[in-house]
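Q: One structure follows; several queries about it will come next.
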Amino acid sequence: MMKIVWSADAIADYEQNINYLLDEWGTKETQQFIDEVSEMLGTISEMPELFPLSDYRNVRKCVVRKQISILYRVSNKQIELVRIWNNKQNPEKLKD
C-alpha cells in the first residue's frame, strides 16, 4: 500500500462536498459518500495505476460517483490527492 497525502485543495473540496450533502441530503447520504471515497482511496492506495490518466499531465482520475471524481498523482513514494472534483464544475477551474 502506498501512502496517500491530501493537498489543501483536495481537503477543501472534500469538506465542501460533505457540507453540501449534509445541508441538502442529510446524514445517511453523507455517510454513504464518505464510505465510497474511503473505499476508492483504499483501492487507489493498493493499485495506484488502476485508474486512467486524465487530460491533465500525470494526473489520474477515479470516478466515485457520476458527480464526483478523485484526481491524484502517483510518485515513487506516495500518492498525492490533487482534488476531489465535482464533475459539474467548469474544468477550466482546474488550471487555477
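Heads up, the sequence shown stops at 168 in our numbering, and the numbers go up one at a time, no gaps.
The beta carbon of each residue, even a glycine, is placed where N, CA and C say it ideally should be.
Just the C-alpha distance for C134 and S141, rounded to the nearest angstrom, thanks.
A: Their backbone Cα atoms lie some 5 Å apart in a straight line.
Q: Mapping the DSSP letters down to three states, classify N89 as helix, strand or coil.
A: Of the three classes helix, strand and coil, the one that applies to N89 here is helix, per DSSP.
Q: Between N89 and P120, what straight-line distance do the alpha-carbon atoms span, to the nearest angstrom?
A: So the two alpha carbons sit approximately 23 Å from each other.
Q: In three-state DSSP terms, what is Q103?
A: Q103 falls in the helix class under three-state DSSP.
Q: Under 6 Å Cβ to Cβ from Y86, same chain only, skipping five residues before and after it: list those, please.
A: The answer, listed in chain order, is I156.
Q: Strictly by DSSP, which residues pair up with L125?
A: Paired residues: R132.
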